[in-house]
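**Student:** Before anything else, here's the structure in question.
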Amino acid sequence: MLILTRRLGESVVIGDAIRIHILGVEGERVKLGIEAPREVTIVRSELLERVREANLEAAQTGPAKRRTLPPVLQRTLGAKEQVGK
Amino acid sequence: MDEQGPRAVQGSGLPQQVTFPAGLIGCEEWQHFVLLEAEEAGPVKLLQCLDDPDVGLYVADAYLIKDDYQLEVPEEVLRSLGVQDWRDCLVLCTLTVRENPLLVTANLLGPLIINRVTGLGAQVVLSGSGYDTRYVVVSEEGGER
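Those protein sequences? They're chains Z and B, same order as listed.
Residue numbering for the first sequence follows this note's numbering, beginning at 1 and increasing consecutively.
Residue numbering for the second sequence follows this note's numbering, beginning at 1 and increasing consecutively.
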């Protein structure tokens with residue numbers, strides 16, 4: 001990992017197209033401004049981690065681990081499907 | 001696959017085979033799936049991974065789970081799936097099914113976008129949407145929502 005020290009108002013350039021500005025520092029909070037091409041996905045890493053956990057949880061409670069789907073589930077969503085038609 | 005096993009979805013406009021070229025988030029090796037009816041037919045389908053037979057995910061249409069569901073999918077993602085018309089896309093959420101007590105939650109934060117025409121899919125994160133990965137669909141105490 002490359003580690004850089006930056007001051008408020010300074011920035012870092014990554015490749016040709018990405019620039020990260022240090023906009024504010026307040027205690028433990030750092031405000032970043034990010035300039036990047038639209039096709040670059042920028043997401044808080046903890047959101048990715050939560051989605052990853054949800055994927056693993058879904059797989060762990062999926063059909064490989066159980067015999068039947070609770071009938072109430074198909075009924076509940078099925079009723080909404082009828083309403084939607 | 002025996003007669004008691006899941007059946008492929010027929011004539012319902014769903015693709016039987018779905019490929020996620022980038023895999024699912026945090027599970028990049030899960031790329032090839034087949035979309036099947038669950039053991040009891042209904043709106044909940046089974047997304048069975050072909051790369052790992054132990055990985056099967058219950059999924060349901062996001063708009064059935066939450067009728068005012070809103071999402072913004074980046075143009076680049078739609079392009080990578082070959083989307084010509086947004087109406088060709090399915091928006092599915094994975095479900096987590098727990099029993100005793102019964103609690104079924106849906107991941108509204110990271111839906112699966114599937115182009116029915118090309119059979120290509122991607123999982124996206126709806127940053128800033130306020131959606132959670134554990135939206136309650138059915139709970140024993142609270143009944144249905």
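Where is the CB? At the ideal position from N, CA and C, for every residue including glycine.
#1: Can you look up ALA17/Z in the DSSP assignment and give me helix, strand or coil?
#2: Pull out every residue of the region 79-112 of chain B whose Cβ sits closer than 8 Å to any Cβ of chain Z, in chain order.
#3: Give the residues of chain Z in contact with ASP54/B, contact being defined as C-beta atoms less than 7 Å apart.
#4: What's the C-alpha gap between ILE113/B and PHE20/B?
#5: Kindly list, in the order they appear in chain B, the residues whose Cβ is closer than 7 Å to that of GLY78/Z.
#6: Does DSSP put LEU77/Z in a helix, a strand or coil?
#7: If we call anything under 9 Å between Cβ atoms a contact, is TYR58/B one with VAL73/B?
#8: Under the DSSP definition of a beta bridge, which residues are partnered with LEU135/B?
#9: Would you verify that the beta carbon of ALA17/Z is, or is not, closer than 9 Å to some beta carbon of chain B?
#10: What residue range does the alpha helix (DSSP H) around ILE65/B cover?
#11: Below 9 Å between beta carbons: does that hold for VAL97/B and TYR69/B?
#12: Using only the alpha-carbon positions, how far apart do PRO70/Z and LEU2/Z sit?
#13: Shorter than 9 Å from the beta carbon of VAL51/Z to some beta carbon of chain B?
#14: Verify the CB distance criterion: does GLU3/B have a CB-CB separation below 9 Å to chain Z?
#15: Return the CA-CA distance between ASP85/B and GLU26/Z, expressed in angstroms with no decimal places.
#16: Which partner residues does LEU46/B have in the DSSP bridge list?
#17: Under 6 Å Cβ to Cβ from PRO111/B, same chain only, skipping five residues before and after it: list those, please.
#18: Please list the partners that TYR131/B has in chain Z, where partner means a Cβ-to-Cβ separation under 7 Å.
**Tutor:** Inspection of the coordinates gives the following:
#1: Coil at ALA17/Z, not helix or strand.
#2: So the close ones are THR94, LEU95, THR96, VAL97, ARG98, GLU99, LEU102, VAL104, ASN107, LEU109, GLY110.
#3: What ASP54/B touches in chain Z: ALA64.
#4: Near 9 Å, if we compare the C-alpha coordinates of PHE20/B and ILE113/B.
#5: GLY42, PRO43, listed in chain order.
#6: In this structure, LEU77/Z counts as helix in the three-state DSSP scheme.
#7: Between TYR58/B and VAL73/B, the CB-CB gap reaches or exceeds 9 Å.
#8: In the sequence under discussion, the amino acid at residue 135/B is Tyr, which differs from the Leu named in the question. Looking at the DSSP assignment, TYR135/B forms a beta bridge with ALA106/B.
#9: Output row for ALA17/Z: interface = no.
#10: Looking at the DSSP string, the run of the alpha helix (DSSP H) that includes ILE65/B is 62-65.
#11: Cβ distance not < 9 Å, so VAL97/B and TYR69/B don't count as in contact.
#12: Pairing PRO70/Z with LEU2/Z, the inter-Cα distance amounts to about 50 Å.
#13: It does; some Cβ of chain B falls within 9 Å.
#14: A caution first: GLU3/B carries a pLDDT of 42, below 50, which makes its placement in the model unreliable, though a value can still be read off. By this cut-off, GLU3/B is not an interface position.
#15: Approximately 45 Å, taken between the alpha carbons.
#16: According to DSSP, LEU46/B shares a beta bridge with LEU36/B, TYR58/B.
#17: Counting only residues of its own chain and dropping the five nearest sequence neighbours on each side, PRO111/B has a CB closer than 6 Å to the CB of ALA62, VAL91, CYS93.
#18: Chain Z residues near TYR131/B: none, gap ~10 Å exceeds 7 Å.
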